[in-house]
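S.K.:
In my numbering, the protein residues as written are 11 to 630.
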């Protein structure tokens, strides 16, 4: 005798029929409501799982929502195996088949420490299989590609440009009110930072300053030529006083003699023109001048390396801020889906309560879960707005503009080099390493200049002088006319004793040389650690992407089954809430895995620092 029991849930649209042993069980999930459909424009939705091959697409639609940040990595063979495990016996109950569906194993990702590629096709899920590592002579990829002639790869909108006056301080609310929001790609963000960064502008000015210092030192290679000319017209005040005294004497003599006093001559002016041409040249006997020139040249190279380092660090910081914004966007989308799942659970609980098969406690549980998810969504939106302003700050855009991430959340690329090749490339390319070598050379040249200053210094020079005088005095014996002359001189300067000051300064430079070499060794170890840390993080994140995809599929199916059980009256609302929490956690783990992969790739690019001018001038 067969016993049938049928439970009809009013308002939900689910009918579940259970039979005795030997009778197959069938389950049809309720139709998905419109408000629980996922809407996330930048994140592609992953594939649903159909456990029963006889089930139609409408029946296989899952009541719970999920966000698929990248395609599933499971093969069709594994899905078929899972289906076979579920349909292995018609004598099992529906509850037992549900357990089999949840506990069916999914393939574990394979690893290969030599190469980390992206999945080959987003529409054909496959078990991850990492290819053979690239040969050692494979050139490293350029990250980012070198822009032609130093131009930007993209053309960001002009309204994102900041005000031309860097000292402008907004004083009105309208000056800082957001008027436009622009979605930009990662490459556009990098280009905006390069265009608007005050740090890069300062670095460029410092390079120009050092280049001028070099030209100043190179000017000592040439002699110094000076020309001086002065003209004058003078009337002697002392001569005027002498003439007055002579006139008083003549007047006194005339009074005694009773004769008229003669008048002395006038105080004549003197006109003169004097011009001098002088030539001086310092003979570099012991290389002091050349040492100063080399010092300036190395300082210029140091500034150029510093500008290169700041440009690369800026790209890394902007990329990190962009990924933070993508993380915040993904978190908002996940929380929105969680809210919609919580709303669906609340509707199911209320429908069961109205049908008389549910409890008020389950409704209260669903309401509390919905309130918690809404709170988490509000926090996620707060973080999203904060990350938007952090990115805007990094790019130094206009005060009235805001930014959003335009790139989808997906793997940013692949790394074709092995760990050893990456380390070697980093040693060749990192500007920080060459900076220490340049600093050592600067100290060497400064020491050479100091010691050369104690030795004799020889300078030679000559001058040519032309003098012209034309006094107003008509006396023919007064000097007048033009005359020239010249002078040749040589000066030897030797600091015989300075109390040991020069040697003390030379020892300071010796210490600077040792410090630079020690820092080079220290930085070399640090660079290797950074490369290894980023490389291992890239491997781990790639594996996490695959495992998180499996976790999302399992959590999605667990939520579907938990909701079916609750609608049938054989499960609890607690099971549904726990399944929703697990799905949210799985989606969050997948988002973190993809963002973590991209961050690790960016860190590896920064650690290797692949730029055009990646040559080390010397080795320690």
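In this text, a Cβ means the ideal position worked out from N, Cα and C, and glycines have one as well.
#1: Check the C-beta distance from residue 500 over to residue 470 and give it rounded, since I have them as a contact under 8 Å.
#2: Going along the chain, which residues of its own chain have a beta-carbon closer than 6 Å to the beta-carbon of residue 616, five neighbours each way excluded?
#3: In angstroms with no decimal places, state the Cα-to-Cα distance between residue 512 and residue 252.
#4: Helix, strand or coil: how does DSSP classify residue 191 here?
#5: Kindly indicate which residue of 583, 455 and 580 has the alpha-carbon position closest to the one of residue 522.
#6: Measure how close the beta-carbons of residue 196 and residue 332 come, nearest whole angstrom, since I'm counting them as under 8 Å.
#7: What's the gap between the Cα of residue 543 and the Cα of residue 447?
#8: Measure from the alpha carbon of residue 575 to the alpha carbon of each residue in 600, 359, 246 and 272, then state which is nearest.
#9: Considering only their Cβ atoms, is the gap separating residue 611 from residue 666 smaller than 8 Å?
#10: Kindly identify the DSSP beta-bridge partner or partners of residue 612.
#11: Is it true that the segment 261 to 281 meets the segment 471 to 488, where meeting means three or more beta-carbon pairs spaced less than 8 Å apart?
#12: Let's see if you can read the secondary structure: which residues bound the beta strand (DSSP E) around residue 469?
#13: Quick one: Cα of residue 609 to Cα of residue 336, how far?
#14: Please list, in chain order, all residues of the same chain as residue 207 whose beta carbon is under 7 Å from its beta carbon, the five residues on each side excluded.
#15: Here's a check: name, in chain order, each residue in its chain whose Cβ is nearer than 7 Å to the Cβ of residue 497, leaving out the five neighbours to either side.
#16: Could you check where the beta strand (DSSP E) with residue 245 kicks off and where it finishes?
#17: Just verifying my parser: in three-state terms, what is the DSSP assignment at residue 237?
#18: Count the other CB atoms within 10 Å of the CB of residue 138; is the residue buried (16 or more) or exposed (fewer)?
#19: What do you get for residue 193, buried or exposed, if any count of 16 or more other CB atoms within 10 angstroms of its CB means buried?
#20: Quickly, what does DSSP pair residue 495 with across the bridge? List them, please.
#21: Distance check for residue 618 and residue 436, CA to CA, integer angstroms please.
#22: Since I believe residue 442 is in contact with residue 319 (beta carbons under 8 Å), could you give me their beta-carbon distance rounded to a whole number of angstroms?
#23: Secondary structure at residue 413, three-state DSSP: helix, strand or coil?
#24: Relative to the C-alpha of residue 281, which candidate in 489, 504 and 572 has its C-alpha closest?
#25: For the alpha helix (DSSP H) that contains residue 348, what are its first and last residues?
#26: For residue 281, report the span of its beta strand (DSSP E) as first-last.
#27: Per DSSP, what are the beta-bridge partners of residue 501 in this structure?
#28: For residue 604 versus residue 400, is the C-beta spacing smaller than 8 Å?
#29: For residue 514, is the classification buried or exposed, using 16 other Cβ atoms within 10 angstroms of its Cβ as the cut-off for buried?
#30: Pull up the distance between the alpha-carbon of residue 530 and that of residue 520, whole angstroms please.
#31: Please name the residue, chosen from 228, 397 and 413, that lies closest to residue 188 on a Cα-to-Cα basis.
#32: So the candidates are 596, 225 and 538; which of them puts its Cα closest to the Cα of residue 555?
#33: Alpha carbon to alpha carbon, what distance is there between residue 430 and residue 228?
#34: Between which two residues does the alpha helix (DSSP H) containing residue 568 stretch?
#35: Just to confirm my understanding: we take residue 457, look at its own chain, exclude 5 residues before and 5 after, and list those with CB closer than 7 Å. What are they?
M.R.: In terms of the structure at hand:
#1: Their Cβ separation, rounded to whole angstroms, is 5 Å, which keeps residue 500 and residue 470 in contact under 8 Å.
#2: Within the same chain, residue 616 has close Cβ partners 326.
#3: Roughly 58 Å between the two C-alpha positions.
#4: Three-state DSSP puts residue 191 in a strand.
#5: Of the candidates 583, 455 and 580, the one whose C-alpha sits nearest the C-alpha of residue 522 is 455.
#6: At roughly 5 Å, the Cβ-Cβ gap stays under 8 Å, so residue 196 and residue 332 are in contact.
#7: So the alpha carbons of these two residues sit roughly 25 Å apart.
#8: That would be 359, whose Cα lies nearest to the Cα of residue 575.
#9: There is no way to answer for residue 666, as the model of the chain reaches only from 11 to 630.
#10: Under DSSP, residue 612 shares a beta bridge with no residue.
#11: Judged by Cβ distances under 8 Å, the segment 261 to 281 makes contact with the segment 471 to 488, as three or more pairs qualify.
#12: Per DSSP, the continuous beta strand (DSSP E) segment holding residue 469 begins and ends at 467 to 479.
#13: So the alpha carbons of these two residues sit roughly 11 Å apart.
#14: Within the same chain, residue 207 has close Cβ partners 324 and 406.
#15: The beta carbon of residue 497 lies closer than 7 Å to those of 472 and 473 in the same chain, with the five residues before and after it left out.
#16: Premise fails: residue 245 is in no beta strand (DSSP E) and is neither H nor E.
#17: Note: residue 237 maps to strand in three-state DSSP.
#18: Caution applies to residue 138, whose pLDDT of 32 falls short of 50 and renders its modelled position unreliable; the model cannot decide the point.
#19: By the neighbour-count rule (16 or more Cβ atoms within 10 Å), residue 193 is not buried but exposed.
#20: Under DSSP, the beta-bridge partners assigned to residue 495 are 475.
#21: Taking the straight line from one Cα to the other gives about 4 Å.
#22: A Cβ-Cβ separation of about 6 Å places residue 319 in contact with residue 442 under the 8 Å criterion.
#23: Here residue 413 sits in strand by DSSP.
#24: Residue 489 holds the alpha-carbon nearest to the alpha-carbon of residue 281 among 489, 504 and 572.
#25: Element bounds for residue 348: 298 to 365.
#26: From DSSP, the beta strand (DSSP E) with residue 281 extends over 280 to 293.
#27: The partner list for residue 501 (beta bridge, DSSP) reads 469.
#28: Judged by their CB atoms, residue 604 and residue 400 are not nearer to each other than the 8 Å cut-off.
#29: Around the Cβ of residue 514, a 10 Å sphere holds fewer than 16 other Cβ atoms; the residue is exposed.
#30: Approximately 16 Å, taken between the alpha carbons.
#31: The candidate whose alpha carbon is nearest that of residue 188 is 413.
#32: When each option's Cα is compared against that of residue 555, the closest is 596.
#33: A straight line joining the alpha-carbon of residue 228 with that of residue 430 spans about 43 Å.
#34: Note, residue 568: alpha helix (DSSP H), 511 to 578.
#35: Correct list, in chain order: 516, 519 and 520.
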